[in-house]
Every structure is written in structure tokens, then in C-alpha cells.
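*Asks:* Going by the working numbering, the residue at position 51 of the sequence shown is 51; the numbering climbs one at a time, nothing skipped.
No residue lacks a Cβ here, since even glycine has one placed at the ideal position from N, Cα and C.
Treat the numbers as computed from the prediction; the structure is a model and nothing was measured.
Mind having a look at this structure? Questions to follow.
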Amino acid sequence: MKQIFAYNNIPQSKFEILKKAEYEIKDVAQFFGNLAESLGLPFFIKPANMGSSIGISRVNDLASFKKGIAEAFKYDKKLILESSVEGREIESAVLGTGAELKVSAAGEIISTHDFYDYQAKYEDQSTELIIPADISAASREKIKELSARAFRAVDAEGISRLDFFVNEKNDEILVNEINTMPGFTKFSMYPLLFKESGISYSELLDKLVELALKKDN
Numbered sequence: 001m002k003q004i005f006a007y008n009n010i011p012q013s014k015f016e017i018l019k020k021a022e023y024e025i026k027d028v029a030q031f032f033g034n035l036a037e038s039l040g041l042p043f044f045i046k047p048a049n050m051g052s053s054i055g056i057s058r059v060n061d062l063a064s065f066k067k068g069i070a071e072a073f074k075y076d077k078k079l080i081l082e083s084s085v086e087g088r089e090i091e092s093a094v095l096g097t098g099a100e101l102k103v104s105a106a107g108e109i110i111s112t113h114d115f116y117d118y119q120a121k122y123e124d125q126s127t128e129l130i131i132p133a134d135i136s137a138a139s140r141e142k143i144k145e146l147s148a149r150a151f152r153a154v155d156a157e158g159i160s161r162l163d164f165f166v167n168e169k170n171d172e173i174l175v176n177e178i179n180t181m182p183g184f185t186k187f188s189m190y191p192l193l194f195k196e197s198g199i200s201y202s203e204l205l206d207k208l209v210e211l212a213l214k215k216d217n
């Protein structure tokens with residue numbers, strides 16, 4: 001995903017891809033030093049193909065790097081190492097396929113944690129969802145544009161949720177990731193974003209069925 005975004009000039013944080021076989025032959029201390037220089041500290045370690053923020057850790061020093069790498073490799077043989085970004089966590093939802101896309105209003109996640117990890121998502125009741133997000137009209141339009149571009153770049157179909165980092169102090173908007181299988185309960189961010197955009201939960205279900213039938217035909 002990160003490499004596809006880079007190829008399509010979609011703005012995102014600095015990153016490196018690390019495979020387990022490559023890591024096993026590296027001088028770990030030297031490798032960490034190179035990453036600290038290129039990505040800056042802190043940076044994050046993520047399994048490449050996991051969801052729900054499982055296996056993600058924040059790296060501040062060599063010890064936390066070794067620990068984070070060991071934890072992430074429990075879930076995937078390929079990892080993403082990416083720089084920390086200053087900004088608000090904003091999300092949008094996309095529905096459709098090809099040229100016929102609907103992009104929802106934007107929502108904001110406010111977490112008391114250092115970053116939005118598994119505990120913050122599913123266990124911490126203090127995490128707030130603000131819908132619609134209190135951002136400028138220019139930021140809203142840019143998020144809609146980037147949502148559609150990212151969706152098409154990965155050939156997504158049906159539904160996806162886009163996660164962004166927004167820093168309006170310097171007008172920077174970066175795509176964090178696209179989730180092609182977002183939570184879909186009545187209380188999940190995806191349907192809540194479309195509810196704000198005038199599409200109810202039952203209408204979303206109807207539209208998904210319509211999309212599936214069109215695809216089969």
C-alpha cells in the first residue's frame with residue numbers, strides 16, 4: 001500500500017519496508033542508527049498486513065526498537081517502519097467503485113493515548129469521535145480528493161475508510177492508511193461518517209448489495 005501511494009504521488013509519512021529475512025542478517029545497532037537518522041525519533045513499527053492497530057509499537061531508542069521488531073514479527077514477515085507525524089487524526093469513508101464514488105464527511109479521533117493503538121480503539125472509553133471534524137473547508141476538500149485518489153490507486157471496491165494526519169498549522173495533510181475492511185457496526189466510524197453525510201445504516205447496506213449485484217452482472 002505504501003509503495004502504491006508513493007508511486008501515485010499520494011502524500012504520506014516517510015517509511016521503510018523491512019522483511020524478516022533481511023532483518024536477520026543486519027547489524028541491528030547500525031540499522032537502528034540509520035533509521036533514527038532517516039525517519040527521526042520517535043518512529044513506529046507496524047506489521048504490514050494487520051488491522052486494528054495490532055502489533056504496532058513506538059520506538060524511542062534501541063531497546064524499544066528490538067522489542068517492537070520482535071513483537072511485530074509475531075504477526076507478519078514484512079513490517080512498515082514509519083516516521084512520527086504531528087497532526088490530528090482525521091478519517092473519511094468511501095463507498096462505490098471506479099468513477100462512481102461517494103466520500104463522506106470527515107471525522108476526528110481524539111485519544112488520550114500516545115498513539116491510537118489497540119487499547120485506545122477497543123478498550124479505552126475516553127477516546128472521542130468528533131463528527132464532523134472541526135477543520136477548514138480547504139482541508140475537507142483536500143481530504144475528499146485524497147480519499148478518492150487513494151481508493152482508486154489500490155483498486156478498492158465497495159467500502160473503505162481512509163485515515164489521515166492533518167496539521168493545519170502548515171497545511172499538511174498526509175494519508176496514514178486505507179482500511180478496505182473497516183468496522184461496520186452501527187457504532188463504527190464508517191457508518192457514522194456516512195450518517196453525517198445523509199446516508200443511514202440501512203441505506204448503506206442497500207447500496208452495498210446494489211454494488212455487489214452490479215459487479216456480478
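Look at the alpha carbon of N176 and the alpha carbon of L79, and state the distance between them as a whole number of angstroms.
*Replies:* 15 Å
*Asks:* Do the region 19–37 and the region 162–182 make contact, defined as three or more Cβ pairs closer than 8 Å?
*Replies:* Between the region 19–37 and the region 162–182 there are fewer than three inter-stretch CB-CB distances shorter than 8 Å, so the stretches are not counted as touching.
*Asks:* Quick test of the definition: if touching needs 3 or more C-beta pairs under 8 Å, does the region 187–197 touch the region 32–39?
*Replies:* no
*Asks:* Tell me, which residues are paired with F43 by DSSP?
*Replies:* DSSP lists V59 and S83 as partners of F43.
*Asks:* According to the Cβ coordinates, are F241 and L174 closer than 9 Å?
*Replies:* What is shown of the chain runs 1 to 217, which leaves residue 241 out entirely.
*Asks:* Mapping DSSP to helix, strand and coil, what is K74?
*Replies:* coil
*Asks:* Enumerate in chain order the residues of its own chain whose CB-to-CB distance from I178 is below 8 Å, with the five nearest sequence positions on each side excluded.
*Replies:* Cβ neighbours of I178 beyond the five flanking positions: M1, A150, F151, V154, A156, S160, R161, L162 and D163.
*Asks:* For I4, does the three-state DSSP call read helix, strand or coil?
*Replies:* Three-state DSSP puts I4 in a helix.
*Asks:* Let's test the definition: count the other Cβ atoms within 10 Å of the Cβ of M189 and tell me whether it reaches 16, buried, or not, exposed.
*Replies:* Around the beta carbon of M189, 16 or more other beta carbons sit within 10 angstroms, so the residue counts as buried.
*Asks:* As a quick exercise: from E108, S53 and D76, pick the residue whose alpha carbon is nearest that of T127.
*Replies:* Of the listed residues, the one whose Cα sits closest to T127 is E108.
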